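Trainee: These protein sequence lines are chains L and H, in that order. Heads up: the first sequence runs through residues 1 to 273, numbered per the numbering used here. Heads up: the second sequence runs through residues 1 to 331, numbered per the numbering used here. Can you keep this structure in mind? I'll have questions shortly.
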Amino acid sequence: MQVLKDLLRSPAGALALLMLLATLLATLLTPLLSPYDAFALDFGNALQPPSAAHWFGTDNFGRDIFTRVMAGAVYDLRLALICVFGPMAFGVLIGLVSGFFGGRVDAALMRLTDIVWAFPFYVLVLAIVGVLGPSEANLYIAFFLVNWIGYARIVRGETLLIGRLEFIEATRVLRFGKPRIMLRHILPNAVTPALVYSMSDVVLTVQAVAALSFFGLGVQPPAPEWGLLIVESIDYMREAPWMTLFPGLAIVWIGIAFSLLGEGLSVALKPKG
Amino acid sequence: MSLLSIRNLQTEFRGPAGIARAVDGVSFDVNPGEIFGIVGESGCGKSATCRSILRLFAGATARIVGGEVILEGTGDLAQMRESELARVRGSEVAFIFQDPLTALNPTMRIGKQVAEVIRRHRKVSRTQARDAALQLLRDVHITSPERRLDAFPHELSGGLRQRVVIAMALALQPRLIIADEPTTALDVTVQDQILRLLKERRDSTGTSIIFITHDLGVVSQICDRMAVMYAGRVVETGPVRQVLDQPSHPYTRALLDALPGQVARDRDLTPIEGSPPSLIAPPAGCRFAPRCRVARPGCARGAAPALKPRPGVAADHLDACILTEVPDAAA
């Protein structure tokens, strides 16, 4: 609660929360705001410019772009949040174990992260998609294989640092249980930088999801995923730039919101005293 | 019968440059209810000695290689298995760290941290532990302790934090508290309050305290007996008034001459030239000889001199100077 208060007090954090709240409301309230269906075709109204009836205009099939961008938020945010926080939980655990036990455990786990890190991400996705075929599920697999690395490294470093402080030494010499030391004493102190990093990770992941779908490796049409909206717009870019513009702006909007949130969190979570 | 008896303790630290014997044949006794001071400059082995008592070596590079640490009624701590020693830590011998900032978990409320220590050793309920924690905060004179229980460490001042750390050390009524420069990180007025507090707790609970410091003023304020360490060895030990008023080892004299303030108000400050010797390859004979103003050629030969009483000086006042006459600083 204190963190939320501090977050609201920082301009970046307050603005970020406002932007995300607006996004959430717009997404939830789309059925009320727009009478259109994200998938229904209406050739009579194809390629209409933005107007009072169609705020963001319509695409080549006459679908309302506002409705589709809002529906796309569900895809992109769901993918990004799951693909960040799922691997994050795993990576934090790996980093904690690695930093706490040190020695061979540490060496083995860190070599594993080096190996995964060394793999070019897009080549890995291509390989997965090549074997399993392009789909949303396979995007999850690709991100889960890769996204935990950063967290493992960050938390390992923090754990090494905090493990040397006297209050941790005290818990060790008093022989508190190892899970207790790790989860109650080290984790709360080590997780902050990982949390801040996760915000920029969300931004990067939204972009990666859009890019992969753009290349046909991720979410498949007719889903209104933002990368797909953009790739569908390519042929009409000259007559109907709004088809490209609004999904692009949506990506930028989410990017700015989470970047600001990261900024705000780094202030709000800064250790005190 | 002394509470703690350290005999010929030797501790080695393994480092990239070689093996350093940070504690090399240290012996002293701590009596029940006594505050025993250990002084010396940085790196003289005073902290290493005290950490050896409970084997508080944060890394795995330190090792006790010889000697005994007899805790009355418990046995030789140097021979104990790690699991047995864990029971001694906190409950029989407690340790107060130097920096109250890093000795408390910044993400846990004060009350929880104090209660956690209690619950680690005693089978009590959460509320009982909380009540005990509250009483401990009262014992160390923390104002409005009910409110502080729910505070985080960063909401407290340095002095208050050190009081909390002391409360945690007192939590299990240990027979001996080892305080490693507990006032070094505090300003002078707060330092004075903390010293009074330690003394008061000693008076009311009868617990013994080993007090490590580099500040002779602090030693003269609260200690009963003291040891002066140099390069991993005790060079002089005895009752505080004896040692400070009639220092018999040239190093102790040099320390006093280098001390500003009351102790040497009528004299000019005299620095000790040079720096302490390497503990990886210590010099032969008296380790202070290279810096000693009264050293003679024979001082730097043979084994390091042992502590011995000096004729004409109190029997409990020992020093390790090779010269048989009490060397005169003016000479």
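Even glycine gets a Cβ: it sits at the ideal position worked out from N, Cα and C. Values in this document were obtained by computation on a predicted structure and should not be read as measured data.
1. Residue range of the alpha helix (DSSP H) that L/Ala22 falls in?
2. Where L/Leu28 and L/Ala73 are concerned, what is the direct C-alpha to C-alpha distance, given to the nearest angstrom?
3. For chain L, is any of its Cβ atoms less than 7 Å away from the one on H/Arg120?
4. In chain H, which residues lie less than 8 Å from L/Met79 when you measure between Cβ atoms?
5. With hydrogens ignored, establish whether the beta-carbon of H/Ile322 is closer than 6 Å to any heavy atom of the ligand NAP.
6. Strictly under 7 Å for the Cβ-Cβ distance: is L/Pro193 near chain H by that measure?
7. Smallest Cα separation from L/Val277: which of L/Ile82, L/Ser98 and L/Val129?
8. So if DSSP puts H/Phe13 in a beta bridge, which residue, or which two residues, is it bridged to?
9. Using 7 Å as the threshold, is the C-beta distance between H/Ile178 and H/Leu149 below it?
10. When you check each C-beta in the region 181-211 of chain L against every C-beta of chain H, which residues fall closer than 7 Å?
11. For L/Trp242, which residues in the same chain have their Cβ closer than 8 Å to its Cβ, ignoring the five residues on either side in sequence?
12. Counting only Cβ-Cβ distances shorter than 8 Å, please list the residues of the region 99-112 of chain H near chain L, keeping chain order.
13. With 7 Å as the C-beta to C-beta threshold (strictly closer), list the residues of the region 77-89 of chain H near chain L in chain order.
14. From the DSSP output, read off the bridge partner residues of H/Thr237.
15. In terms of residue numbering, what span does the beta strand (DSSP E) encompassing H/Gly37 cover?
16. Could you compute how far the alpha carbon of L/Leu161 sits from the alpha carbon of H/Asp99?
17. Can you tell me whether H/Ala175 is helix, strand or coil according to DSSP?
18. Based on DSSP bridge pairs, tell me the residues matched to H/Lys308.
19. To which residues of the same chain is L/Val3 closer than 6 Å at the C-beta, ignoring the five residues directly before and after it?
20. Start and end of the alpha helix (DSSP H) containing L/Ala257?
21. H/Leu56 versus chain L: which residues are under 8 Å apart at the beta carbon?
22. Any idea what DSSP makes of L/Gly177, helix, strand or coil?
23. Quick one: what's got a C-beta closer than 7 Å to L/Gly62's C-beta in the same chain, skipping five residues either side?
24. Return the Cβ separation of L/Arg175 and H/Ala86 in integer angstroms, given the expectation that the two are a contact with Cβ distance under 8 Å.
25. Tell me the residue span of the beta strand (DSSP E) that contains H/Thr213.
26. Quick one: Cα of L/Arg78 to Cα of H/Thr102, how far?
27. Hey, out of L/Phe258, L/Ser259 and L/Gly227, whose CA is closest to L/Phe246's CA?
28. May I ask you to report which of helix, strand or coil DSSP gives H/Leu256?
Mentor: Here's the rundown:
1. Pro11 to Leu33 is the extent of the alpha helix (DSSP H) around L/Ala22.
2. Here the C-alpha atom of L/Leu28 lies approximately 10 Å from the C-alpha atom of L/Ala73.
3. The beta carbon of H/Arg120 sits closer than 7 Å to some beta carbon of chain L.
4. Note on identity: in this sequence residue 79 of chain L is Leu, with Met being the wrong assignment. The premise fails here: L/Leu79 is roughly 32 Å from chain H at the closest Cβ pair, so nothing lies under 8 Å.
5. This structure simply doesn't include the ligand NAP, nor any ligand for that matter.
6. Not an interface residue.
7. Since the first residue of chain L shown is 1 and the last is 273, residue 277 of chain L is not available in this structure.
8. BP columns for H/Phe13 point to H/Ala20 and H/Ala62.
9. Result no, Cβ atoms of H/Ile178 and H/Leu149 do not sit closer than 7 Å.
10. Within the region 181-211 of chain L, the qualifying residues are His185, Pro188 and Asn189.
11. The beta carbon of L/Trp242 lies closer than 8 Å to those of Pro49, Pro50, Phe56, Gly57 and Ile65 in the same chain, with the five residues before and after it left out.
12. For the region 99-112 of chain H, which is checked against every Cβ of chain L, the residues closer than 8 Å are Asp99, Leu101, Thr102, Ala103, Leu104, Asn105, Pro106, Thr107 and Met108.
13. Going along the region 77-89 of chain H in chain order, one finds Ala86 and Arg89 with a Cβ nearer than 7 Å to chain L.
14. In the DSSP output, where bridge partners are listed per residue, H/Thr237 has H/Ala227 and H/Leu318.
15. Looking at the DSSP string, the run of the beta strand (DSSP E) that includes H/Gly37 is Ile35 to Val39.
16. Cα to Cα, L/Leu161 sits roughly 16 Å from H/Asp99.
17. Looking at the sequence shown, residue 175 of chain H is not Ala but Arg. Reduced to three states, the DSSP call for H/Arg175 is coil.
18. Residue pairing from DSSP places H/Lys308 in a beta bridge opposite H/Asp319.
19. Cβ within range, chain order: Ala268.
20. Segment Trp242 to Ala268, the alpha helix (DSSP H) holding L/Ala257.
21. Against chain L, a Cβ distance below 8 Å from H/Leu56 picks out Glu169 and Val173.
22. Residue state, collapsed to three classes: coil.
23. Same-chain partners within the cutoff: Leu41, Asp42, Phe43, Gly44, Asn45 and Ala46.
24. About 4 Å; that satisfies the 8 Å criterion.
25. Looking at the DSSP string, the run of the beta strand (DSSP E) that includes H/Thr213 is Ser208 to Thr213.
26. Counting only the Cα atoms, H/Thr102 lies some 40 Å from L/Arg78.
27. The shortest C-alpha separation from L/Phe246 is found at L/Gly227.
28. The three-state secondary structure of H/Leu256, taken from DSSP, is helix.
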